[in-house]
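Asks: My questions all concern the structure below.
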Amino acid sequence: MARIVGGLTTSHIPAIGNAIARKMFEDPYWKPFFDGYPPVREWLDEVKPDVAVVIYNDHGLNFFLDKQPTFAIGAAPEYRNDDEGWGIPTIAPFKGDPAFSWHLIDNLVHDDFDLVTCQEMLVDHGFTVPMQLFWPNYADIGIKTVPLVINTVQHPLPSPRRCYNLGKSLGKAIESYPEDLKVVILGTGGLSHQLDGQRAGFINKTFDRMCMEKIVDDPEHFLDMSIRDLVVEAGAQGAEFILWLAMRGALTGKVTARHSNYHIPISNTASGLLCLENAA
Amino acid sequence: MTHNKEPIPGTVMFDGTQAMKGYALNKMCYSFNNKQNREEFLADEEAYMDKYGLNDEQKQAVRDKVVLDLIAAGGNIYYLAKFAGMYGLNVQDVGAQQTGMSVEDFKEKLRRAGE
Numbered sequence: 000m001a002r003i004v005g006g007l008t009t010s011h012i013p014a015i016g017n018a019i020a021r022k023m024f025e026d027p028y029w030k031p032f033f034d035g036y037p038p039v040r041e042w043l044d045e046v047k048p049d050v051a052v053v054i055y056n057d058h059g060l061n062f063f064l065d066k067q068p069t070f071a072i073g074a075a076p077e078y079r080n081d082d083e084g085w086g087i088p089t090i091a092p093f094k095g096d097p098a099f100s101w102h103l104i105d106n107l108v109h110d111d112f113d114l115v116t117c118q119e120m121l122v123d124h125g126f127t128v129p130m131q132l133f134w135p136n137y138a139d140i141g142i143k144t145v146p147l148v149i150n151t152v153q154h155p156l157p158s159p160r161r162c163y164n165l166g167k168s169l170g171k172a173i174e175s176y177p178e179d180l181k182v183v184i185l186g187t188g189g190l191s192h193q194l195d196g197q198r199a200g201f202i203n204k205t206f207d208r209m210c211m212e213k214i215v216d217d218p219e220h221f222l223d224m225s226i227r228d229l230v231v232e233a234g235a236q237g238a239e240f241i242l243w244l245a246m247r248g249a250l251t252g253k254v255t256a257r258h259s260n261y262h263i264p265i266s267n268t269a270s271g272l273l274c275l276e277n278a279a
Numbered sequence: 000m001t002h003n004k005e006p007i008p009g010t011v012m013f014d015g016t017q018a019m020k021g022y023a024l025n026k027m028c029y030s031f032n033n034k035q036n037r038e039e040f041l042a043d044e045e046a047y048m049d050k051y052g053l054n055d056e057q058k059q060a061v062r063d064k065v066v067l068d069l070i071a072a073g074g075n076i077y078y079l080a081k082f083a084g085m086y087g088l089n090v091q092d093v094g095a096q097q098t099g100m101s102v103e104d105f106k107e108k109l110r111r112a113g114e
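The listed protein sequences derive, respectively, from chains H and V.
Take the first sequence: its letters are residues 0 to 279, numbered as in numbering that gives the first Met the number 0.
Take the second sequence: its letters are residues 0 to 114, numbered as in numbering that gives the first Met the number 0.
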């Protein structure tokens with residue numbers, strides 16, 4: 000049977016993609032950020048997951064406002080990125096696992112989560128940046144992926160509780176898959192940031208620290224928050240924390256934080272990294 | 000069910016009202032994912048804006064490149080980022096413009112948030 004080995008969180012800021020392309024790992028601005036990742040890569044080297052389910056939001060590459068799904072999932076043999084308008088390089092494609100995707104779709108829809116299913120899907124920086132951060136050699140090792148998109152672009156967004164419950168269904172669906180797959184779940188985006196309006200540049204370190212702590216042992220702390228509450232506390236784009244909650248909902252066992260890193264600022268954002276082990 | 004829609008200072012929630020208002024503007028910005036479209040826009044901005052049916056408020060905001068005006072005209076920041084990117088403006092430049100700060104001061108404000 001498939002097993003969920005853990006959950007990872009990371010910010011997915013596009014500037015990171017450019018910094019990776021330019022190999023700015025030792026640059027003084029970037030070093031405190033990039034230095035958080037090698038311990039997580041060591042953990043991944045030990046655990047060797049077969050599949051990554053990547054929970055992110057599309058920022059206007061695959062979806063436009065003509066059709067804006069609340070939840071969408073990839074079921075394609077491979078996923079490519081593309082020009083997003085400002086210079087993130089096109090990189091090697093990511094492998095999919097359509098059979099596994101369809102198993103998740105069957106079970107999630109059965110559990111009342113009516114996802115949009117995508118047999119073709121472009122993945123943007125929300126997906127590619129986390130994958131590159133955790134698996135710089137993803138193309139060589141051939142790790143398979145399932146992109147899971149949650150709308151954070153156009154309100155109304157799904158609530159923290161709804162996203163956490165989606166994660167719970169996702170976890171059950173993964174663990175009912177008959178193949179012996181090791182699965183890791185990525186919750187991307189966040190932490191506090193706001194790009195738009197006179198409040199641009201808003202960062203809330205106190206709230207972020209609380210998120211980093213409570214998502215490990217007390218994720219249900221957030222379930223009565225509204226999206227508006229999240230925007231007040233974490234900024235307009237800090238509402239991406241719902242992507243972390245969906246990841247956390249999928250972890251079913253004893254969850255232990257193996258590594259964490261929090262750094263301000265990367266671009267306009269407080270960046271948060273967590274590696275959560277999910278013991279049976 | 001009612002829920003709290005009280006405005007948050009300095010923040011425009013991009014909801015259905017904004018999505019309807021800004022549809023043409025955002026659709027044009029979405030087209031900038033494609034390099035040929037970016038070149039076509041830069042070659043003749045007015046013709047390109049007409050092609051996408053922007054209203055006068057949206058056209059003026061595009062000509063002026065004033066981000067707060069683009070947002071007021073229904074622009075969504077993720078789509079506007081594609082527009083700003085054509086001019087080499089990143090989110091710190093955009094943040095500085097919206098808050099009336101220099102880019103250096105805006106970056107310093109971000110850095111201080113980490114202290």
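No residue lacks a Cβ here, since even glycine has one placed at the ideal position from N, Cα and C.
Run through DSSP, which three-state label would residue 260 of chain H get?
Replies: Three-state DSSP puts residue 260 of chain H in a strand.
Asks: Going by alpha carbons, who is nearest to residue 212 of chain H out of H:273, H:127, H:134?
Replies: H:273
Asks: Distance, Cα to Cα, residue 34 of chain V vs residue 177 of chain H?
Replies: 44 Å
Asks: DSSP state of residue 142 of chain H, grouped into three classes?
Replies: coil
Asks: Would residue 49 of chain H and residue 180 of chain H be called neighbours here (beta carbons separated by less than 8 Å)?
Replies: With contacts defined by Cβ atoms closer than 8 Å, residue 49 of chain H and residue 180 of chain H form a contacting pair.
Asks: Under DSSP, the alpha helix (DSSP H) around residue 42 of chain V begins and ends at which residues?
Replies: 34-42
Asks: Is the number of C-beta pairs between the region 54-63 of chain H and the region 146-153 of chain H that are closer than 8 Å three or more?
Replies: Yes, the region 54-63 of chain H touches the region 146-153 of chain H.
Asks: Helix, strand or coil: how does DSSP classify residue 227 of chain H here?
Replies: helix
Asks: Give the single residue among H:264, H:18, H:46, H:224 whose Cα lies nearest to the Cα of residue 129 of chain H.
Replies: H:18
Asks: Where does the unbroken beta strand (DSSP E) through residue 93 of chain H begin, and where does it stop?
Replies: 93-95
Asks: Just the Cα atoms here: how many angstroms apart are residue 289 of chain H and residue 27 of chain H?
Replies: With chain H represented from 0 up to 279, any question about residue 289 of chain H goes unanswered, as that position is not in the structure.
Asks: Closer than 9 Å, Cβ to any Cβ of chain H: which residues of the region 67-87 of chain V, in chain order?
Replies: Here the close residues are 67, 70, 74, 75, 76, 77, 78, 79, 80, 81, 82, 83, 84, 85, 87.
Asks: Are the Cβ atoms of residue 226 of chain H and residue 245 of chain H separated by less than 8 Å?
Replies: Their beta carbons are not under 8 Å apart, which means residue 226 of chain H does not touch residue 245 of chain H by this criterion.
Asks: Consult DSSP for residue 100 of chain H and reduce its assignment to one of helix, strand or coil.
Replies: helix
Asks: Taking the alpha-carbon of residue 16 of chain V as reference, which of V:30, V:45, V:71 has the nearest alpha-carbon?
Replies: V:71
Asks: In the structure shown, what three-state DSSP assignment does residue 98 of chain V receive?
Replies: DSSP, read as helix, strand or coil, puts residue 98 of chain V in helix.
Asks: Any C-beta of chain V within less than 7 Å: which residues of the region 212-239 of chain H qualify?
Replies: 225, 227, 230, 231, 235
Asks: I'd like to know whether the C-beta of residue 264 of chain H is nearer than 8 Å to at least one C-beta of chain V.
Replies: Residue 264 of chain H counts as touching chain V.
Asks: Looking at the structure shown, is residue 70 of chain V part of a helix, part of a strand, or coil, going by DSSP?
Replies: helix
Asks: Can you tell me whether DSSP reads residue 70 of chain H as helix, strand or coil?
Replies: strand
Asks: How would you list, in chain order, the residues of chain V whose beta-carbon sits under 7 Å from the beta-carbon of residue 60 of chain H?
Replies: 32
Asks: What are the boundary residues of the alpha helix (DSSP H) that includes residue 238 of chain H?
Replies: From DSSP, residue 238 of chain H is part of no alpha helix (DSSP H); its letter is neither H nor E.
Asks: Under the assumption that residue 32 of chain V contacts residue 83 of chain H (Cβ atoms under 8 Å), give the Cβ distance between them as a whole number of angstroms.
Replies: 6 Å
Asks: What distance in whole Å lies between the Cβ atoms of residue 192 of chain H and residue 269 of chain H, which are believed to be in contact at a cut-off of 8 Å?
Replies: Sure, about 6 Å apart at Cβ, within 8 Å.
Asks: Taking only beta-carbon atoms, is residue 154 of chain H less than 8 Å away from chain V?
Replies: yes
Asks: Thinking C-alpha only, which one of V:112, V:24, V:3 is nearest residue 63 of chain H?
Replies: V:24
Asks: Can the beta-carbon of residue 199 of chain H be found closer than 8 Å to that of residue 94 of chain V?
Replies: yes
Asks: Which value, in whole angstroms, describes the spacing of the CA atoms of residue 207 of chain H and residue 115 of chain H?
Replies: 31 Å
Asks: Specify, as a first and last residue, the run of the alpha helix (DSSP H) that residue 205 of chain H falls within.
Replies: 204-216
Asks: Among the residues of its own chain, which have a CB less than 6 Å from the CB of residue 234 of chain H, if the five just before and after it don't count?
Replies: 191, 192, 193, 201
Asks: Could you tell me whether the Cβ of residue 150 of chain H comes closer than 8 Å to any Cβ of chain V?
Replies: No, residue 150 of chain H does not count as interfacial toward chain V.
Asks: Out of V:10, V:4, V:19, V:5, which one is the CA nearest neighbour of residue 289 of chain H?
Replies: Since the displayed chain H opens at 0 and closes at 279, residue 289 of chain H lies outside it and no answer follows.
Asks: To the nearest angstrom, how far is it from the Cα of residue 88 of chain H to the Cα of residue 13 of chain H?
Replies: So the alpha carbons of these two residues sit roughly 11 Å apart.
Asks: Using 8 Å as the threshold, is the C-beta distance between residue 110 of chain V and residue 264 of chain H below it?
Replies: Yes, Cβ-Cβ distance for residue 110 of chain V and residue 264 of chain H is below 8 Å.
Asks: Determine the direct distance from the alpha carbon of residue 34 of chain H to that of residue 25 of chain H, and round the result to whole angstroms.
Replies: 9 Å
Asks: Using a Cβ cut-off of 8 Å (strictly closer), state whether residue 54 of chain V contacts chain H.
Replies: no
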